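Residue numbers are given in our numbering: position 178 of the sequence shown equals residue 178, and the series is strictly consecutive.
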Amino acid sequence: MRTPLRTPQLPKFPLVAVVCCLAFAACQEITVPNYNTPNAEALLNTPNATTVNTTVQGLQAGMRAQVGTMATVLGILGREVYNLDGAEPRNVLGYLVGPLEPGGFGTDMGWTTSYRNLRTAVSILAAVDKVPTYTTEQRNGIRGFVKTAMAMEFMNQLRIRDTFGIVVEVGADPMVLQPFVSRDSGWARAASLLDEAATNLGAAGSAFPFRLTTGYTGFNTPANYLKVNRAIKARVDVYRDRWADALTDLGGSFISTASTTASALSVGAYHVYSTSSGDALNPLFDASPRALVAVPSFLTEAQFQADGATRDRRATSKAAVGTVLLSTQSVSSNVKITLYASNVASVPMIKNEELILLRAEANYRLGNRVAAIQDLNFIRVNSGGLAPLPADHSGDLVTELLYNRRYSLFDEYGHRWVDMRRYGRLNLLEKALPSHKIFPLVPIVVDECNQRLAAPPKGCTQVSGQ
């Protein structure tokens, strides 16, 4: 299955970092270039509708900047993909050998971007009431979208830091350090923001005052975007084992099994790209390939279709054995990633296929085995081309669920690493060499640790892996 292509509607690098002191650290002065957008002073002190609307558009670009980290780096940790760029051996030595250290290679993993986006979001929320030309409905529309974005950034970092926790208070003064909270408190904050956003979206009228990218086609009104909000909330509730809540959320989302087509399964919200000046290209596209390849087992562990010879359609449509063999630090692969057909292919934020699998998982965990098998079979048959499980299948549904999530969500958001950790199965991830390690989580970035030397967060430690 190929993700649909969409043409972005972003202006040239709208304001992403309005107040750009890294996360919450009382840090060095940072100069933010002016990308032909309203500056921070205008947004904070004399905002108007144009300033705020443009900054909301910039927030969309900021969120898109996480794609490479979430898909590739988490994909390496979860043995979905390798980055075998010969010029940067640390993509193997750092992520497959380790150890992971607060000041080591790559452990930022989107932390800086997440909290930059969060500070932008907080600045937007502070500005919206200062714009006299906004209607109450327009203010609610902005709040609903921005709070959803904030929850998504908290989710990004909770998936990476896990029990090390995160910071959830983004204060008005970036020079004031805010405390780290536990993983569970972080998830509760993300869920609360999504529910607040849902209330705002329900009172936001028929149109947003700002422009959304074409990645939100079909979801670009408050009422329809609310379905995306509920989809994200379902993912969050599955991550925190709130199974009944997840089913309720899914009922308000865009989940559908009315059609069996690939396009119906791919319906969702997407990050979009273009070759336009000032825009970005898909960081996951590597046709040659030069660096990005699939872990070979993605093909060899795919189940066979009914003919006994053809592999799962999700595997064969997303990766293929190529003529280029890449090798770095004794790790090799000739399995090129074909999921993204061009450098402007879109990348899912969340899609219908994932929602169906979330419903299967929630039903299974609630003891509704028949309903879970029904949804798993819908995906097996219509996405994978596989034979359905018997309605009374008595086998291990966790293994079945993880298999389908692996192949349905490959190279999108680092799902496999998070999923295997959730079910205590990280030890089943393969190691290409005996020296390789599996890492369950990632340390807190060193800048945050250095600002808290008197009482460092528990994530300010080395992770040796297993």
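Ideal placement from N, C-alpha and C gives every residue a C-beta, glycine not left out. This structure is a prediction, so every number in the text was calculated from the model and none was measured.
- In this structure Ser346 is buried. Its beta-carbon is surrounded by 16 or more other beta-carbon atoms within 10 angstroms.
- Leaving aside the five residues that flank Gly384 on each side, the residues in its chain whose CB is nearer than 7 Å to its CB run, in chain order, Asp312, Arg313, Arg314 and Tyr407.
- Annotation: Leu96 to Asp447 spans about 23 Å, alpha carbon to alpha carbon.
- In this chain, the alpha helix (DSSP H) harbouring Pro222 covers Pro222 to Tyr239.
- DSSP places Val331 in the uninterrupted beta strand (DSSP E) bounded by Val331 to Ile337.
- Between the alpha carbons of Val181 and Asp162 lies a distance of about 11 Å.
- Taking each of Pro209, Pro179 and Leu226 in turn and checking the Cα distance to Thr199, the smallest one comes out for Leu226.
- Glu101 is not a Cβ neighbour of Pro456, given a cutoff of 8 Å.
- For Met70, the secondary structure class from DSSP, reduced to helix, strand or coil, is helix.
- Excluding the 5 residues flanking it on each side, Leu281 has same chain C-beta neighbours closer than 6 Å at Tyr273 and Asn343, in chain order.
- One Cα belongs to Glu430, the other to Arg64, and the distance between them is close to 30 Å.
- DSSP places Ser123 in the uninterrupted alpha helix (DSSP H) bounded by Trp111 to Val128.
- Non-local C-beta neighbours of Tyr82 in its own chain, meaning closer than 7 Å and more than five positions away in sequence, comprise Ile76, Val293, Val295, Val331 and Ser333, ordered along the chain.
- Ala360 and Ala371 have their C-alpha atoms spaced approximately 7 Å apart.
- One thing to note: Thr328 has its Cβ within 8 Å of the Cβ of Asp85.
- In this structure, DSSP gives Ser327 an extended state, which the three-state scheme calls strand.
- The residue among Thr261, Glu412 and Ser394 with its C-alpha nearest the C-alpha of Pro348 is Glu412.
- Taking C-beta atoms as the reference points, Ala204 and Gly252 fail to come closer than 8 Å.
- Per DSSP, Ile438 lies in no alpha helix (DSSP H) and is assigned neither H nor E.
- Following the DSSP letters along the chain, one finds Gly268 inside the beta strand (DSSP E) bounded by residues Gly268 to His271.
- Of Leu339, Tyr403, Ala61 and Ile160, the smallest CA-CA separation from Ser266 is found for Leu339.
- Around Pro89, the same chain offers Thr328 and Gln329 as residues with beta carbons nearer than 8 Å, after the five sequence neighbours per side are excluded.
- Distances from the CA of Val398 to each of Gly414, Arg422, Val381 and Asn382 were compared; the closest alpha carbon is that of Arg422.
- A contact between stretches requires three or more CB pairs, one per stretch, nearer than 8 Å, and the stretch 218-234 fails this requirement with the stretch 165-177.
- For Asn83, the enclosing beta strand (DSSP E) stretches over residues Val81 to Asn83.
- The beta carbon of Thr72 is closer than 7 Å to those of Val81, Asn83, Leu284 and Leu292 in its chain, skipping five residues each way along the sequence.
- In this model, Pro132 and Ile124 are separated by some 14 Å (Cα to Cα).
- Annotation: the continuous alpha helix (DSSP H) that includes Lys147 extends over Thr136 to Arg161.
- By the 16-neighbour rule on beta-carbons within 10 angstroms, Val321 is exposed.
- Taking Leu409 as the centre and dropping the five residues before and after it, the same chain places the C-beta of Glu354 and His415 closer than 7 Å to its C-beta, in chain order.
- Exclusion of the five residues before and after Val381 leaves Pro388 as the residues of its chain whose Cβ lies within less than 6 Å of its Cβ.
- Bounds of the beta strand (DSSP E) holding Ile350 are Val347 to Lys351.
- Inter-residue distance for Phe154 and Phe254 is about 23 Å (C-alpha atoms, whole angstroms).
- Bridge partners of Val321 according to DSSP: Val335.
- Ile255 carries a coil assignment under DSSP once its states are collapsed to helix, strand and coil.
- Remark: C-beta atoms of Leu441 and Phe164 approach each other more closely than 8 Å.
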